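Note that the sequence shown covers residues 48 to 1017 in the numbering used here. All remarks here apply to the structure that follows.
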Amino acid sequence: MAEVVLFHITEDIINKLGALTAQEVTLWWGLKDQLRKLNDTVTRIKAVIQDAEVKAQNKKQNHQIEDWLKKLRQAVYDAEDLLEDFSTQVLRKQLMSGNGVSREVRVFFSRSNQFVYGLRMGHRVEALRERLSDIEADSKRFNFEVRDEERASLTTVREQTTSSEPEVIVGREGDKAVIKSFLLDSNYDENVSVISIVGIGGLGKTTLAQHVFNDEQVNSHFAVKHWVCVSGGLDARKILKGLVGRDDDQLESLKNELEKKFEKKKYLLVLDDVWDGEDGSDGEKWDSLKELFPRDAVGSKIVVTTRSHVIAKFTSTVSPHVLEGLSIEKSWELFRRKAFPQRQDSDHVDEKIRKEIVERCCGVPLVIKAIARLMSLKDRAQWLSFIVNELPYSIRDDNIMQTLKLSYNTLPSYMKHCFANCSLFPKGRSINVKSVIRLWIAQGLVSSSNSGGRCLEIAGLRCFENFLWRSFFHEVKRDDLGNIESCKMHDFMHDLATHVAGFENSKVELRGKKINDLTQHILFDMELYLSQQIPIPLPCEQRLRTLILQGDIWDIGAWESICRDFRRLRVLALSDLGIKEVSPLIEKLKHLKYLDLSNNEMEVLPNSVTNLVNLQVLKLNDCWNLKELPRGINKLINLRHLDVGRTFDHDLCDSLEYMPRGIGKLTSLQTLSCFVVAKNWSPKSKMVGYGGMRFPSRLSDLSNLVRIRLVGCTRLEHIPPLDGIPSFEELFISSMGNLEYIDSEGVGGKKVSNFFPSLKKLFISDCRRLKGWWKKSRGEMKDDSDESTVEEELIMLSFPRLSSLTISHCPNLTSMPLFPTLNEHLWLWRTSPMPLQQTMKMKPPVYSSFIRPLSNLKELDIWSIDDMESLPEVGLQNLSSLQKLIILECPRLKSLPLHGQEMPSLQTLVISGCRELKSVSESKSQGMIPYLPFLQELRIGEELSRGWGKESEEVWPNIKHIPNIVIDDY
């Protein structure tokens, strides 16, 4: 891992040196030549780091090269710190302007002090260059070769991670039936019965339990359901806290709270990922824990998942369910799904190679998915070589991690570092993806040198999507717009991340744990009195970049220790510690880029916070007492994300009284979760629930805003133009009862090139008076079946990059920009069908190249549209990429002419509640339903299914190949 870090950091150092040498101030300080020499030295060292990584694996030279790499690592980190010191001073100089700068800063940048500072920096740069030159000279004895880094291909990855499809469970139908039968059977002697699911890691114990837990019959059978991710031993206090959702150390109190919560109701409890204890007392602990669970509801059930057969035996009241590997056939089916998105591509794989692959994966789904993704990136000619030379013959608990590492090894260096960084998060915990990406950026893991020219947050998201595509993460949750909100790491993946991170990361869960002096990132995950239990000074304090505290009681004295001893921090996370006051000393942490003070009790922040000119993320969520932000916040010119307000209540910021005037100058700002607005910036009017009729114009100053969320602004009648903001990607509008038009200026005069150039996701919900996008247009769009084209001006003003659109409960919305480029999801619920119909009938102007409308759309959901009678046949023919089509409760729908040949990708078809619809075929010759070759799931209502039985010669030949056919009545 050390070499991965070094390659990545040296890339950034070279970029920073190039930027600094271009600064005029370096010439004033006489540093330009020294910085160029340092750049040359670092460039030569970077060229051999890749070979050093390879040679470090040679046992004969391993220790010598490791010593060399250790020296290099220390020097490289020092170089990075030195350059950030220098960049910070340059930035502060640029921020000076008259009386707006403190006397101390003006004195520092006086002519005499500039000379002294330049002299001191010159000595530091020269000393560092000599140190690196010595390290470079020492490398000659190893005969390192110059190597270019091999970068993984990300093209396939992006294509496979845009869908929000739930994970398909393969080969576990029988296992699910066994567990489900146990849960639904009330004929057991005990009021509370227990079954354990046991098997080696990676078999899918948790996935199976989740599949049963979310089953519709199981949902209706139990009055109360709870899931506890144990990821440890049988700690009664921890498990009950997870069930009750309250932090209390008294078991009796927790037991009483649990009884109140269950209220003598039949319950289902899942204890996921229970481990063997180290003291051999698991049986006694289980007996004690069992007594704490309510036992007065007949038919209550507990499911335990574990790798330990010992745990499984004494927890179960019935025979444990031993989970085995998948069969050869099911293993190949799972492999095929992951390696070949288009089913027909797998037909070219030799039968012998198929068998060899799945046999070596031993039926372990986690391994199958990881290897399938890895091999999909390889040429077919490379497959046999990979199988013979790299893939183990058998998969056991003790070598699964090494098999998974094969996929990790193909990552670019910065992605390896990002993955290793995830080892900081405790096993089994849900990981907030947005926060993780921002941490990567703050720590310099995702930077301009590896972003490919993209926004850093987008580059970080692509990195995460790569991990998700490779099955490094699972249990993904998404928001209303389809954005990934959170996920978890499988235990083996967490073990792999910890292994490759080495001493760079340290997660301290036990008091007295030894911390390496070269550790860069630390998370303290235990309840502690900070001033007593954190071993300050830490052996790594001079090198520490990340400090995350998850303690219990904050001691005011901890501020002095942190600000004095941890001067190189980039990340400081102090959420939920009861902090009532932030020390002015925080300005000493001049490298700080990420500051999390969420869920604390302070009323104000010191103005010294605004001296943290490198700060990118400031998190102040759930700070209930916070009244104001620092007035000099405009100095935080690198701030990208400002999170204030409540986390779970539409980001309301009840106590915040005003927004500082300078906030419009934060031109790097992408996220502002809550905005306080009123006349003359007076208190108590919020962007969420805003009661004014006019939209605050100062938001348009924030030219880097990526997303805007407007909720419950009940008097707002229209929104000023947002179409020209170049970075604007997501718009969420909900519960705007008085909104009639999005844009009051009208369509006339709009520039095509500036019309929402980056908007990707649009969500409009519960705006019942909304009539159209523009208040002043040249005419309303008409749903005329004889009309061959839509108005050219509306065609030209269609959303150019929109990929996902949701419109619900907007029955009067008949006019809006069209959306031919959608490539993910279109969901329409209780709204007008006119925008969809117009989009499907779009034709290009004669002078323009134009893709077929909606030809890249993956999923189309239409719910409860009462006045929709048909969809254009030509539009349906264009849906060549559609994978899922759902139409529910459209009582007037009479015509749905599907073309089997034109919909080769369709996998799921659901139609119900459409009482006028008698056929879904474009011609009688195709029968009542066309042959859809790759359809995996067909669900139809009773009104459409009459005569669709096996005896029907008209229908059965076209549907008999479909694995899942359900006839129901929605």
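Just so it is clear, CB atoms sit at the ideal spot from N, CA and C, and this is done for glycine as well. Predicted model, so just to flag it, every value in this text is computed and none were measured.
Per DSSP, what kind of secondary structure is residue i in: helix, strand or coil?
i       : result
Ala344  : coil
Lys416  : helix
Tyr641  : strand
Ala620  : strand
Ser134  : helix
Ser862  : strand
Glu650  : coil
Phe1031 : Outside the shown range of the chain (48 to 1017) lies residue 1031, about which nothing can therefore be said.
Glu522  : strand
Gly692  : strand
Phe539  : helix
Glu838  : Summary for Glu838: the model assigns pLDDT 46, below 50, so the residue's position carries little reliability; its value from the coordinates is reported in the next sentence. Coil.
Asp333  : It should be noted that the sequence gives Trp, not Asp, for residue 333. Three-state result, Trp333: helix.
Does any C-beta atom of chain B lie closer than 8 Å to the C-beta of residue i?
i      : result
Ile286 : Looking at the structure shown, chain B is missing, and only one protein chain is on hand.
Output needed for residue i: all residues of its chain with C-beta closer than 7 Å, excluding positions within five of it in sequence on either side, in chain order.
i       : result
Thr253  : Asp319, Asp320 and Thr352
Lys712  : Asn681
Asn62   : Ser495 and Ser496
Phe133  : Leu67 and Met168
Pro1004 : none
Ser782  : Val758, Gly759 and Asp813
Asn751  : Thr714, Ser715, Leu716, Gln717 and Ser774
Give every residue of the same chain whose Cβ lies closer than 8 Å to the Cβ of residue i, excluding the five residues on either side of it in the sequence, and list them in chain order.
i      : result
Ala386 : Ser393, Ala419, Arg420, Met422 and Ser423
Asp623 : Gln597, Ser645, Asn646 and Asn647
Met649 : Ile626, Lys627, Glu628, Val629, Cys670, Asn672 and Leu673
By Cβ distance below 6 Å, which residues in the same chain neighbour residue i in space, the five residues on each side in sequence not counted?
i      : result
His55  : Ser460, Tyr461 and His464
Leu932 : Leu907 and Leu956
Phe519 : Met540
Gln579 : Residue confidence for Gln579 is low, a pLDDT of 48 falling below 50, so the modelled location carries little weight and cannot support an answer.
Would the beta-carbon of residue i fall within 8 Å of that of residue j?
i      : j       : result
Tyr314 : Ala283  : no
Leu849 : Leu809  : yes
Pro977 : His1008 : no
Val411 : Ile375  : no
Tyr705 : Leu486  : no
Pro858 : Thr886  : no
Ser855 : Trp876  : yes
Leu166 : Thr88   : no
Met222 : Leu373  : In the sequence as presented, Met is not what sits at residue 222; that position holds Asp. Cβ atoms of Asp222 and Leu373: not closer than 8 Å.
Gly218 : Val414  : no
Glu787 : Leu817  : yes
Asp329 : Ile349  : no
Ile603 : Ala620  : no
Leu591 : Leu616  : yes
Gly324 : Gly280  : yes
Val317 : Phe260  : yes
Quick check on residue i: buried or exposed, where buried means 16 or more other Cβ atoms within 10 Å of its Cβ?
i       : result
Asp669  : buried
Asp690  : buried
Ser378  : buried
His1010 : In the sequence as displayed, the identity of residue 1010 is Pro instead of His. Pro1010 comes out exposed.
Leu64   : buried
Ile772  : buried
Asn1030 : In the structure as shown, the chain starts at 48 and stops at 1017, and residue 1030 therefore has no counterpart that could be examined.
Give the single residue among the options whose Cα lies nearest to the Cα of residue i.
i      : options                           : result
Lys272 : Ala126, Tyr788 and Gly289         : Gly289
Lys627 : Arg762, Val656 and Trp671         : Trp671
Ala467 : Phe433, Asp527 and Ala548         : Ala548
Glu916 : Leu940, Leu935, Glu522 and Leu901 : Leu940
Lys552 : His568, Phe539, His541 and His537 : Note that residue 552 is Asn in the sequence shown, not Lys. Nearest option by C-alpha distance: His568.
Asn925 : Glu936, Leu953, Trp910 and Cys937 : Leu953
Cys469 : Asn456, Ile484 and Leu458         : Ile484
Gln589 : Ser608, Phe309 and Arg139         : Ser608
Arg171 : Lys635, Ala184, Thr364 and Ala126 : Ala126
Pro864 : Asn446, Ser927 and Trp821         : Trp821
Thr878 : His368, Thr853 and Phe613         : Thr853
His368 : Phe229, Glu237, Leu869 and Gln121 : Phe229
Glu532 : Asp538, Ala544, Leu508 and Lys554 : Leu508
Ser968 : Cys534, Thr566, Glu936 and Leu918 : Leu918
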